[in-house]
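Heads up: the sequence shown runs through residues 294 to 528, numbered per the working numbering. Beta carbons: idealized from backbone N, C-alpha and C, even for Gly. Being a predicted model, the structure only gives us computed values, none of them experimental. Structure record follows, encoded as structure tokens.
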Amino acid sequence: MGARVPDPGDPVAKASAGSNPAPRIDRGRRRPLRRAELVQRLARVPAFSEGNAELEQVATPPEAAAELLETALARGDIAGRTVADLGCGTGRLAIGAALLGARSVTGVEIDPRALAVAERSAYAAGVEVAWVSSDVRVWRGSADTILMNPPFGAQTKGADRPFLDLAFASAGRAVYAFELAASRSFIARRAVERRAYVEATREVPWELPRLFPHHRRARVPIAVDLWVIRTDTKT
Numbered sequence: 294m295g296a297r298v299p300d301p302g303d304p305v306a307k308a309s310a311g312s313n314p315a316p317r318i319d320r321g322r323r324r325p326l327r328r329a330e331l332v333q334r335l336a337r338v339p340a341f342s343e344g345n346a347e348l349e350q351v352a353t354p355p356e357a358a359a360e361l362l363e364t365a366l367a368r369g370d371i372a373g374r375t376v377a378d379l380g381c382g383t384g385r386l387a388i389g390a391a392l393l394g395a396r397s398v399t400g401v402e403i404d405p406r407a408l409a410v411a412e413r414s415a416y417a418a419g420v421e422v423a424w425v426s427s428d429v430r431v432w433r434g435s436a437d438t439i440l441m442n443p444p445f446g447a448q449t450k451g452a453d454r455p456f457l458d459l460a461f462a463s464a465g466r467a468v469y470a471f472e473l474a475a476s477r478s479f480i481a482r483r484a485v486e487r488r489a490y491v492e493a494t495r496e497v498p499w500e501l502p503r504l505f506p507h508h509r510r511a512r513v514p515i516a517v518d519l520w521v522i523r524t525d526t527k528t
């Protein structure tokens, strides 16, 4: 399904869209975005207003999202490609892929409240994304490139495994994902088991803000890696 047109009286839509309540959807070629501009556009996508601790709903920081997207773009896995964002939340990665010229983008999310924010944000950004309300364990789609910031497993051990399994099964070219640095050995083994090739991995700056009652500090730096995993080993 395509992006729905939001209620023009919706305050979130107004805040996202600024002075123009009905931005034009641009289906043509997009000009390249500079890094600073991409970060600014991604920062306009709201984070979770009331995150679900069980789902580990933590928005991808705009700077980290831009790094993942630019890495995928530079490797030929965004522009002109089909892209899916698994567990898309409020849509930062999916919207960013659309801004960078993906042929089509799908965002898969189990939380309807997050999807509502994502739909409004895509409309405000002037991009089209197909938003799918689904648990990743039952989604049967596919794409050239899979993007994701899955649950890290802090609340439920192994919560990221269904995301990884689906990503390896549904990515025609590559998977770009954030994961805790502590999971490096597990993810590398999982990739080998799925006959995928770890093309690159590097740590990215990441601070976890206070979101849930059990969080004591305002911000906590955590060790997070950006993974590039090639599923099409002939590419």
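Let me know if P498 comes out buried or exposed under the rule of 16 or more other beta-carbons within 10 Å of its beta-carbon. Working through the sequence shown from its first residue, we reach residue 498 at position 205. Counting Cβ neighbours within 10 Å, P498 comes out exposed, since fewer than 16 surround it.
Can you list, in chain order, the residues of its chain with a C-beta nearer than 6 Å to that of I522? Leave out the 5 residues immediately preceding and following it. Taking the first residue of the sequence shown as position 1, residue 522 is located at position 229. Same-chain partners within the cutoff: V468, A484, A489, V491.
Does the beta-carbon distance from S426 to L408 come in below 7 Å? In the sequence shown, the residue the question calls residue 426 occupies position 133. In the sequence shown, the residue the question calls residue 408 occupies position 115. Taking 7 Å as the Cβ cut-off, S426 and L408 qualify as a contacting pair.
Please say whether G394 and A411 have beta carbons closer to each other than 7 Å? Translated into positions along the sequence shown, residue 411 becomes position 118. Translated into positions along the sequence shown, residue 394 becomes position 101. Cβ distance not < 7 Å, so A411 and G394 don't count as in contact.
In three-state DSSP terms, what is S427? In the sequence shown, residue 427 corresponds to position 134, counting from 1. DSSP places S427 in coil when its eight states are reduced to three.
Would you kindly check if the distance between the Cβ of A391 and the Cβ of V420 is under 7 Å? Residue mapping note: residue 420 aligns to position 127 of the sequence shown, counting from 1. Residue mapping note: residue 391 aligns to position 98 of the sequence shown, counting from 1. Cβ atoms of V420 and A391: closer than 7 Å.
Starting from E412, trace the alpha helix (DSSP H) both ways and give me its first and last residue. Here residue 412 refers to the residue found at position 119 of the sequence shown. Its alpha helix (DSSP H) spans residues 405-418.
Measure the alpha-carbon distance for A352 versus T526 and round it to whole angstroms. Against the sequence shown, residue 352 aligns to sequence position 59. Against the sequence shown, residue 526 aligns to sequence position 233. Computed Cα separation, rounded: 31 Å.
Mind reading off the beta-carbon distance from T494 to L459? Whole number of angstroms is fine, and I expect it under 8 Å. To locate residue 494, count along the sequence shown from 1; it is residue 201. To locate residue 459, count along the sequence shown from 1; it is residue 166. Not confirmed; about 20 Å, so no contact.
Looking at the structure shown, is E421 part of a helix, part of a strand, or coil, going by DSSP? One-based indexing of the sequence shown puts residue 421 at position 128. Reduced to three states, the DSSP call for E421 is coil.
Secondary structure, beta strand (DSSP E): runs of 3+ residues fully inside the stretch 342-398: 375-379
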